[in-house]
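I have placed the structure first, in the form of C-alpha cells, so that the comments after it can refer back to it.
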Amino acid sequence: SFFCNNGGGGGGGGGGGADCAGLLSVDGASYENVLEPYQAFCDRQVVSLNRMNVFNYVCMRDPKLGPLGPLWQYLAGTGSPNWQRMRDLFTLDDVADMIKQWVWGAHEPLFVEFADKVIAMLEGPPTPLGNTEKGVELVSSILSLSRDTIREILSGGVYRNRWAGLLRWYDEKLEYVE
Numbered sequence: 051s052f053f054c055n056n057g058g059g060g061g062g063g064g065g066g067g068a069d070c071a072g073l074l075s076v077d078g079a080s081y082e083n084v085l086e087p088y089q090a091f092c093d094r095q096v097v098s099l100n101r102m103n104v105f106n107y108v109c110m111r112d113p114k115l116g117p118l119g120p121l122w123q124y125l126a127g128t129g130s131p132n133w134q135r136m137r138d139l140f141t142l143d144d145v146a147d148m149i150k151q152w153v154w155g156a157h158e159p160l161f162v163e164f165a166d167k168v169i170a171m172l173e174g175p176p177t178p179l180g181n182t183e184k185g186v187e188l189v190s191s192i193l194s195l196s197r198d199t200i201r202e203i204l205s206g207g208v209y210r211n212r213w214a215g216l217l218r219w220y221d222e223k224l225e226y227v228e
C-alpha cells in the first residue's frame, strides 16, 4: 500500500512509513471493510465526473455551446429532489451524506441523458465547428435540443427557486442577455 511501511525501516513499502496493521485494525475492521464504502463512492464519482468533464470539453468546441456545460450542471444540481428539499430531508448531522453524493447533479438522469446525447453529437476530432456549414447546423441543432429539453423540464414544474432566478439572464434561445 502507498501509505504503509510493509517492510519496516524508512518507508520502503511506499510513502508514509506507518505500520498498516496498526492503522487498519481499528475496532477490528479489516482493510476491505474500511475501504469498501469509499471504493463504491469513487467508482460512482469517476464515471459521473468523467461524463461531466467530457461534456464540458466537447461544448468548448464552439463559443455558442460553451455555456451549456455549466448551465446544465446548475440545472441538474439545483433541480435534484434532494437539493430542492434539503431543508426538509437533512439536518446538520446527515447533510454530509447528501453532499457526498450530489456532485452538482452529475448523477441526475436528465443530465446524464442530455450530456450523453451532446457528447455523441460532437464525436470526432476537436475542430472548430463554426467554420463549416455542417458545423453551424450541428451547433444550431444542439442549441435547439437544449432549449427544447429545458422547456419540457420547466413545464413539468420540477425546477423552482434558484433555477428560475438563473433563467432571467438568458433569452428563449438560451443566449446570455446583458
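Heads up: take any position in the sequence shown, counting from 1, add 50, and you land on this note's numbering. Think of the CB as a built atom: it goes at the ideal place given N, C-alpha and C, for glycine as much as any other residue. Keep in mind it's a predicted model, so treat the numbers as computed, not measured.
- For L195, the enclosing alpha helix (DSSP H) starts and ends at E183 to S205.
- Take S130, set aside five residues on each side of it, and the residues of its chain with a beta-carbon closer than 6 Å to its own are G155 and E158, in chain order.
- By alpha-carbon distance to L115, the top candidate from N100, I203, E187 and D138 is E187.
- Judged by their CB atoms, A165 and F105 are nearer to each other than the 8 Å cut-off.
- R111 sits in coil when the DSSP states are folded into three classes, being neither helix nor strand.
- By the C-beta criterion, the segment 108-128 is judged not to be in contact with the segment 86-93, since fewer than 3 inter-stretch pairs fall below 8 Å.
- Per DSSP, P159 is one residue of the alpha helix (DSSP H) stretching across P159 to M171.
- For L142, the secondary structure class from DSSP, reduced to helix, strand or coil, is coil.
- M102 places its beta carbon 8 Å or farther from that of Q89.
- Shown here for V108: same chain residues with a beta carbon closer than 7 Å to its own, the five before and five after excluded, namely V168, I169 and L172 in chain order.
- Taking the Cβ atoms as the reference, S98 lies roughly 6 Å from V153, within the contact range of under 8 Å.
- Excluding sequence positions up to five before and after G185, its CB lies within less than 6 Å of the CB of L179, all in the same chain and listed in chain order.
- Our two residues, E183 and G174, have alpha carbons roughly 16 Å apart in a direct line.
- Judged by DSSP in its simplified three-state form, T128 adopts helix.
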